[in-house]
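One structure is given below, encoded as structure tokens.
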Amino acid sequence: MKQTIGLCIILLIAIALTLGIGVRDVTLMDMLQAFIAFDPTNPVHVVIHSVRTPRLVAALVAGAGLGMAGTVIQSLTRNPLADPGILGVNSGAAFAVVVGALLTGRSDSGWMSAMAFPGAALAAISVFMLGGGARGQAGPVRLALAGTALNALLLSLVSAIVLARNETLEIFRFWVTGSLAQADVRPLAGMSVTAAIGAALALLLAPRIEALSLGSALARGLGTKPARIQFGALLAVTLMTGSAVAVAGPIAFLGLLVPPLARRVAGHALRRELLASAVIGASILLYADTAGRLILAPSEIRVGIMTALIGAPMFIFIARRLRPGAST
Amino acid sequence: MTATALKTELLTLGYRDRIVIQDLTLELPDGKVTSILGPNGCGKSTLLKAMARLIQPLSGHVSLAGEEILKIETRALARRLAILPQASKAPEGITVADLVKRGRTPWRGLLAPWSEADAEACERALREVGLADLAERAVDELSGGQRQRAWIALVLAQDTPYLLLDEPTTWLDLTHQLEVLSLLRERNRAHGTTVVTVLHDLNLAARFSDHLVLLGRDGLVETGAPEKVLTEANLEKAFGLKALVIPDPVTGTPMVVPR
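These protein sequence lines are chains A and B, in that order.
Be aware that the first sequence starts at 1, since it is given in full-length UniProt numbering, and climbs by one per residue.
Be aware that the second sequence starts at 1, since it is given in full-length UniProt numbering, and climbs by one per residue.
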């Protein structure tokens, strides 16, 4: 209980900082008024509405989505090093963005984001099929192998394209480090709904995923259908990580960093773990973004870089606190 | 003859093109403790898995209390029959209580919250295996015997009238083997639960079981009460083992002494 309240306070402060800090600092009163009594002639209200709220929503979608997706994939594979990127979502999105830019010549952020989700989803479906998922034979190891192979293939294709065509390189190098800066032109509403569906699916399936994490023989003995649960769980992961990459670009580390923190707070009860993951993921992303905006103000460090900068030391710290001899 | 719990008819089991068990017809009594015995590779575990519907037979049938097992809906089956496979691995750092809770899976709807009945079943299971005081400990901090009891508590929490266990005493020292087998027999005596285990130790099996199934490399050798099954001729046939069978000085059940 204490931990729940603590997590919520941490998240609320992060939200207030995101809405409050910027070129024009905003007081708490202004924030509330911007939502309760919006005044279109008040520039402060306009900034909150059209710039900072989209940024906040994008961070919530990406942070909560990546955190929850990481927890699902780690429970499913029983591997504390599993990352939602295992499904090829990020490389699929990158490939779609680059190919989209190459074919249409468009380079605006909204268009790239619109390409990212279908690319991510297609990659995840391919990994599932290549891993034998359609025949119900996709175990975690097969999926990891198929994911690694597809990731390598797609990233080499991306490199080939950006090397050959300079204009795609320009687009790609900005997209590839995730950012929340252009959230207002990205397909926020659709992706929020998509991520929410993924999150609901994960929460719904949580008790079944718990059973599956005891091994498929015992899971079947407990009356579950492993192939179906795995499909549902991977679908949830794809919806959440696909939305995240569409609203914020690829953000490394979050899916790896959040699950061990959530387990520390919630123990091994998957629904609680998932809720904790959502809050922790969103908080880390918001603080990273705020820090990125403050350090080099008035210019900013992109949030994809900030999460890696903050996340890497945190992750090493967590890894060192694991009991020696802890199995993978 | 008591009622039949599990029955196999002309059951043939195997993997790919290797047949492990051929045309086995067998009846296991209801409300009793049955142990399946036999040399390595004779298909004991495969038979147990087929009886829990974890593998599909190549041909033949398995029925549970007269009902064809393939026709029982998955979750309904899990509410009647629990199986503990061999060497299950617990998620890193999980507590005993959280592990045992997962045994309630077949009783929980997708949206139903954790119920009073769920909590009671888990508490009862933890008491039965003597782990009530260690419920909040991590499973991987427990001793081998305690860990195995935690797994058994999981299937006890599943609260089924039929309980199948694949080598529940492997890796345990003698004291812990006795402990595990007595708790299974207590469950049987107290609740009438039908218990079916695969065991390696013939003498322990004879002590704790009402009924034995002895398999050899060429299929069923003998089935029935321990005195009927563990004879010198049957052991020679199943294991190729020359042994003396004498009454166990403590319990009077047959005791196998290899020559």
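Every residue gets a Cβ at the ideal spot worked out from N, C-alpha and C, and that includes glycine.
Any chain B beta carbon closer than 9 Å to residue i
| i | result |
| --- | --- |
| Leu-11(A) | no |
| Ser-327(A) | Confidence in Ser-327(A) is poor, its pLDDT being 43 and thus under 50, which makes the residue's placement unreliable; the coordinate value appears in the next sentence. Yes, Ser-327(A) lies at the interface with chain B (some Cβ there is under 9 Å from its Cβ). |
| Thr-4(A) | no |
| Leu-205(A) | yes |
| Pro-80(A) | yes |
| Arg-321(A) | no |
| Leu-17(A) | no |
| Ser-277(A) | no |
9 Å Cβ cutoff, residue i in contact with chain A
| i | result |
| --- | --- |
| Arg-102(B) | yes |
| Ile-36(B) | no |
| Ser-88(B) | yes |
| Val-180(B) | no |
| Val-33(B) | no |
| Val-129(B) | no |
| Leu-156(B) | no |
| Met-1(B) | Reliability fails at Met-1(B), whose pLDDT of 49 lies under 50, so the model's placement of it is uncertain and no value is given. |
| Asp-17(B) | no |
| Leu-13(B) | no |
| Leu-134(B) | no |
| Leu-111(B) | yes |
| Cys-42(B) | no |
Separation of residue j from residue i, as counted between CA atoms
| i | j | result |
| --- | --- | --- |
| Arg-173(A) | Ala-58(A) | 20 Å |
| Leu-165(B) | Leu-48(B) | 8 Å |
| Met-1(B) | Leu-174(B) | With a pLDDT of 49 at Met-1(B), under the threshold of 50, the modelled position of that residue is not reliable, and no figure is offered here. |
| Val-141(A) | Pro-259(A) | 20 Å |
| Ala-326(A) | Glu-92(B) | With a pLDDT of only 47 at Ala-326(A), under 50, the local geometry of the prediction cannot be trusted, and the value read off the model is given with reservation. So the two alpha carbons sit approximately 8 Å from each other. |
| Glu-167(B) | Ile-171(A) | 60 Å |
| Arg-320(A) | Gly-67(A) | 21 Å |
| residue 262(B) | Gly-198(A) | Lying outside 1 to 259, the shown extent of chain B, residue 262(B) is not represented and no answer is given. |
| Leu-241(B) | Ile-36(B) | 17 Å |
| Arg-208(A) | Leu-183(B) | 28 Å |
| Ser-113(A) | Trp-175(A) | 9 Å |
| Gly-63(A) | Ala-14(A) | 12 Å |
| His-49(A) | Ala-93(A) | 28 Å |
| Leu-296(A) | Ile-86(A) | 33 Å |
| Val-237(A) | Pro-258(B) | 57 Å |
| Gly-249(A) | Arg-186(A) | 10 Å |
| Met-191(A) | Arg-147(B) | 44 Å |
| Pro-85(B) | Val-62(B) | 18 Å |
| Gly-139(A) | Gly-147(A) | 12 Å |
Residues near residue i in its chain [Cβ-Cβ closer than 7 Å; skip 5 each side]
| i | result |
| --- | --- |
| Thr-18(A) | Arg-52, Arg-55, Leu-56, Ala-59, Leu-286, Asp-289 and Thr-290 |
| Glu-136(B) | Thr-95 and Ala-97 |
| Ile-229(A) | Leu-205, Arg-208, Ile-209 and Leu-212 |
| Ala-3(B) | Asp-30 |
| Arg-24(A) | Val-44 and Val-47 |
| Ile-10(A) | Ser-283 |
Residues that residue i contacts on chain A, provided the C-beta gap is smaller than 7 Å
| i | result |
| --- | --- |
| Arg-75(B) | Gly-223 |
| residue 270(B) | Since the first residue of chain B shown is 1 and the last is 259, residue 270(B) is not available in this structure. |
| Arg-108(B) | Pro-207 |
Own chain residues within Cβ distance below 8 Å of residue i, not counting five before or after
| i | result |
| --- | --- |
| Gly-292(A) | Glu-300, Ile-301, Arg-302, Val-303, Ile-305 and Met-306 |
| Thr-328(A) | Caution applies to Thr-328(A), whose pLDDT of 38 falls short of 50 and renders its modelled position unreliable; the model cannot decide the point. |
| Leu-7(A) | Val-265, Ala-276, Val-279, Ile-280 and Ser-283 |
| Ala-312(A) | Phe-253 |
| Ile-19(B) | Thr-12, Leu-13 and Leu-58 |
| Val-158(A) | Ser-91, Ala-94, Phe-95, Val-98 and Phe-172 |
| Asp-201(B) | Thr-169 and Gln-177 |
Within chain B, partners of residue i - CB distance below 8 Å
| i | result |
| --- | --- |
| Gly-215(A) | Pro-85, Ser-88 and Lys-89 |
| Ala-211(A) | Arg-102 and Thr-105 |
Sheet register partners of residue i (DSSP bridge)
| i | result |
| --- | --- |
| Ser-59(B) | Thr-12(B) |
| Met-255(B) | Ile-246(B) |
| Pro-29(B) | Thr-4(B) |
| His-211(B) | Thr-34(B) |
| Ala-82(B) | Leu-163(B) |
| Arg-18(B) | Tyr-15(B) |
Own chain residues within Cβ distance below 6 Å of residue i, not counting five before or after
| i | result |
| --- | --- |
| Asn-151(A) | Gly-88 and Ser-91 |
| Ala-183(A) | Pro-54, Arg-55 and Ala-58 |
| Val-195(B) | Val-33, Leu-163, Leu-184 and Asn-188 |
| Asp-159(B) | Ala-121 |
| Arg-53(B) | Ile-69 |
Contact set between residue i and chain A, taken where Cβ atoms lie within less than 8 Å
| i | result |
| --- | --- |
| Leu-54(B) | Ala-217, Arg-220 and Gly-221 |
| Arg-79(B) | Gly-223 |
| Asp-201(B) | Per Cβ cutoff of 8 Å: no residues; Asp-201(B) is ~23 Å from chain A at best. |
Listed by chain order, chain A residues near residue i by CB distance under 9 Å
| i | result |
| --- | --- |
| Thr-95(B) | Gly-267 and His-268 |
| Asp-98(B) | Glu-210, Gly-267, His-268 and Ala-269 |
Any non-hydrogen atom of the ligand MN closer than 8 Å to residue i Cβ
| i | result |
| --- | --- |
| Phe-231(A) | With respect to small molecules bound, the structure shown includes none, and the ligand MN cannot be examined in it. |
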